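A short write-up of the structure that comes next.
Residue numbers (the numbering used here): 317 to 528.
Here it is as structure tokens:
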């Protein structure tokens, strides 16, 4: 009798434990189900938020790229203007007149010139000079047509060609060589005296005072 009672007590206690555990397991399943639903719901919300953010960023990038293209198209490119190269104009050097005096040698265009005297007659006015090549090379010796004599009141007398032995030769002069001769001009007018010799030698000019 006691054994049966013990068996019945054990069965009832086991049945009670089983029923209690069944209630707890159902509660755990319910909690797990709710947690799973919350997890799924939160995951869906996160994915939806990410999709919205990506969709919003794409138009912004497109707008930026389109704006950049518009900006690049609106930029005005100024063409580079290259100035044409200009060749510098070389201005010929202007040689100033050399001032000399009769009886005093002076240098002009590689020559040493000494006007020694002036003679005047009814036919000619001749100016006597000594010319020396002071360089170490042969040089041409040419008296230009602008060589004239000026008298004491400013009247000009032109050079004339006289084929006489006294006329200075106008040919090349050797290095360190010299020659002597006269340059012939128109005769001076009465009561006039020579004042200046305007000498043009190989393109360079000199003004020589002929007054004593």
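Built from N, CA and C at the ideal position, the CB exists for glycine as well.
This structure is a prediction, so every number in the text was calculated from the model and none was measured.
{"Item": "So, is residue 461 buried or exposed, given that buried needs 16 or more other C-beta atoms within 10 angstroms?", "Value": "exposed"}
{"Item": "Use the C-beta contact count for residue 441: other C-beta atoms within 10 angstroms, 16 or more gives buried, fewer gives exposed.", "Value": "buried"}
{"Item": "Taking only heavy atoms of the ligand MG into account, decide whether any of them is closer than 7 Å to the Cβ of residue 346.", "Value": "Among the ligands in the structure shown, none appear at all, so the ligand MG cannot be discussed."}
{"Item": "Looking at C-alpha atoms only, which residue of 350, 439, 417 and 418 is the closest neighbour of residue 477?", "Value": "439"}
{"Item": "Considering only DSSP beta bridges, list what residue 440 is partnered with.", "Value": "Looking at the DSSP assignment, residue 440 forms no beta bridge with any residue, so it has no partner."}
{"Item": "Between which two residues does the beta strand (DSSP E) containing residue 514 stretch?", "Value": "510-517"}
{"Item": "If we ignore side chains and look at the alpha-carbon of each, how far apart do residue 481 and residue 470 end up?", "Value": "30 Å"}
{"Item": "Can you tell me whether residue 354 is buried or exposed, with buried defined as 16 or more other CB within 10 angstroms of its CB?", "Value": "exposed"}
{"Item": "For residue 479, does the three-state DSSP call read helix, strand or coil?", "Value": "coil"}
{"Item": "Which same chain residues, not among the five before or five after residue 273, have their C-beta less than 7 Å away from its C-beta?", "Value": "Outside the shown range of the chain, which is 317 to 528, sits residue 273, and nothing can be said about it."}
{"Item": "Within the same chain, show all residues whose beta-carbon is closer than 6 Å to that of residue 522, passing over the 5 residues directly before and after it, in chain order.", "Value": "414, 416, 424 and 515"}
{"Item": "How close, in whole Å, do the beta carbons of residue 454 and residue 491 come, if the pair is a contact with beta carbons under 8 Å?", "Value": "6 Å"}
{"Item": "Among the residues of its own chain, which have a CB less than 8 Å from the CB of residue 458, if the five just before and after it don't count?", "Value": "486, 517 and 518"}
{"Item": "Using C-beta distances below 7 Å, list every residue in its chain close to residue 474, excluding the 5 sequence neighbours before and after it, in chain order.", "Value": "464, 501 and 502"}
{"Item": "Is it true that the CB of residue 498 sits closer than 8 Å to the CB of residue 484?", "Value": "yes"}
{"Item": "Apart from the five residues on each side of it in sequence, which residues of its chain come closer than 6 Å, Cβ to Cβ, to residue 388?", "Value": "Residue placement at residue 388 cannot be trusted, given a pLDDT of 48 that sits under 50; the coordinates are not used to answer."}
{"Item": "Looking at residue 448 and residue 422, is the spacing between their C-beta atoms short of 8 Å?", "Value": "no"}
{"Item": "Does the distance from the CB of residue 524 to the CB of residue 511 come in under 8 Å?", "Value": "no"}
{"Item": "What is the rounded straight-line gap between the Cα of residue 433 and the Cα of residue 418?", "Value": "7 Å"}
{"Item": "Let me make sure I understand the geometry here. Which of 430, 350, 343 and 361 has the alpha-carbon closest to that of residue 445?", "Value": "430"}
{"Item": "List the whole-angstrom C-beta distance separating residue 489 from residue 495, where the pair is believed to meet the contact cut-off of C-beta under 8 Å.", "Value": "6 Å"}
{"Item": "Could you tell me the distance, in whole angstroms, from the CA atom of residue 436 to the CA atom of residue 451?", "Value": "33 Å"}
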